[in-house]
Each structure stands twice: as C-alpha cells, then as structure tokens.
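Numbering (this note's numbering), first residue to last: 73 to 144.
Backbone N, C-alpha and C fix where the C-beta goes; we use that ideal spot for every residue, glycine too.
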Amino acid sequence: PPAPLDYHTVTPCRILDTRNPAGPLGGPALAASASRTFVLTGACGVPITAKAVTMNMTAILPTAAGYLTLFP
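Quick look at the structure:
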C-alpha cells in the first residue's frame with residue numbers, strides 16, 4: 073500500500089475569487105456550462121508537493137439556478 077500522508081494546516085486564505093478580475097486567479101465569473109481549471113499548489117502556503125486540500129466553495133449572486141462540480 074502507499075505510504076500514509078501527513079496533515080499540515082495552513083492559515084485559511086482566499087485562493088480564488090472570480091468576482092474580481094484583478095484578484096488572484098480572478099474572473100471572469102463562471103459562465104453556464106463552463107469548465108475552468110485552477111492550480112492550487114504554490115498559492116497561500118499550499119506546498120507544491122501537496123496531495124490533497126480541504127476547501128470551502130461558495131457561490132454568491134448567481135444569475136440563474138445551477139450547480140458546481142469540483143474534482144481533482
């Protein structure tokens with residue numbers, strides 16, 4: 073079996089905000105049926121060797137009903 077992973081906490085931070093085009097990994101806001109890819113390692117203290125992350129995703133001010141799908 074693979075070796076177990078260690079758990080290291082980092083200070084919570086905002087890695088992504090699509091509301092602000094000038095922000096880190098900013099806009100444009102996600103469009104219907106759109107797919108976007110974001111690299112989280114190297115941002116906000118997430119080491120480039122990280123194998124997993126814990127996240128909170130929030131959608132605000134939607135222009136229509138919908139859903140988000142997140143996957144590694």
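Can you name, in chain order, every residue of its own chain whose Cβ lies under 8 Å from the Cβ of residue i, other than the five neighbours on each side?
{"i": "M129", "result": "L140, L142"}
{"i": "I120", "result": "T113, G114"}
Going by beta carbon distance, what residues of the same chain come within less than 6 Å of residue i, once the five residues before and after it are set aside?
{"i": "L77", "result": "K123"}
Got a sec? Which residues, its chain only, sit under 7 Å from residue i by beta carbon, not counting five neighbours each side?
{"i": "T135", "result": "none"}
{"i": "A131", "result": "L140"}
Report back the beta-carbon spacing between residue i and residue j to the nearest angstrom; my notes put them in contact at under 8 Å.
{"i": "C101", "j": "T90", "result": "It should be pointed out that residue 101 corresponds to Ala in this sequence rather than to Cys. Confirmed, about 5 Å."}
{"i": "A133", "j": "F110", "result": "Looking at the sequence itself, residue 133 is Leu, so the reference to Ala does not match. About 20 Å separates the two Cβ atoms, so there is no contact after all."}
(message) Going residue by residue through the segment 110–144, where are the continuous alpha helix (DSSP H) segments of at least 4 residues, counting only ones entirely within it?
(response) The DSSP assignment places no complete alpha helix (DSSP H) segment of no fewer than 4 residues inside the segment 110–144.
(request) Please determine if the segment 114–122 and the segment 77–97 are in contact, where contact requires at least 3 C-beta pairs separated by less than 8 Å. (result) Touching, yes, given that three or more Cβ pairs across the two stretches are closer than 8 Å.
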